[in-house]
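Asker: Below is the structure I would like to discuss, written out as structure tokens.
Numbering (my numbering), first residue to last: 59 to 129.
This is how it looks when you write it as structure tokens:
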């Protein structure tokens, strides 16, 4: 896979580049058994007397406890 991409990066002929990318895509399709296209959501439930609660989690899905405080 890496070799195909490296060849594509240095190939000057557009048709050959397209063929190399197609080969790389075909190979990836056979090597990757599952490609998640949907991502679930995570609810954050807290008491009403807390401040600093984020509306949603960041990309790492980590809850930042340091920002919480009692109202």
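Where a beta carbon is used, it is the ideal one built from N, C-alpha and C, also for glycine. Please read these numbers as outputs of a predicted model, since none were measured by experiment.
If you follow the alpha helix (DSSP H) that residue 82 is part of, which residue opens it and which one closes it?
Answerer: As a position in the chain shown, residue 82 is number 24, starting the count at 1. 72-89 is the span of the alpha helix (DSSP H), which, as asked, contains residue 82.
Asker: Quick check on residue 92: does DSSP put it in helix, strand or coil?
Answerer: Here residue 92 refers to the residue found at position 34 when the chain shown is read from its first residue. Three-state DSSP puts residue 92 in coil, outside helix and strand.
Asker: Could you round the C-beta distance between residue 66 and residue 86 to whole angstroms and report it? I think they count as a contact, below 8 Å.
Answerer: Residue 66 sits at position 8 when you count from the first residue of the chain shown. Residue 86 sits at position 28 when you count from the first residue of the chain shown. About 13 Å; that fails the 8 Å criterion.
Asker: Quick one: residues in its chain with C-beta nearer than 8 Å to the C-beta of residue 108, no 5 flanking neighbours on either side, listed in chain order?
Answerer: Taking the first residue of the chain shown as 1, we reach residue 108 at position 50. The answer, listed in chain order, is 126, 127, 128 and 129.
Asker: Where does the unbroken alpha helix (DSSP H) through residue 105 begin, and where does it stop?
Answerer: For the purposes of this step, residue 105 is taken as residue 47 along the chain shown, with counting starting at 1. Element bounds for residue 105: n/a, residue is neither H nor E.
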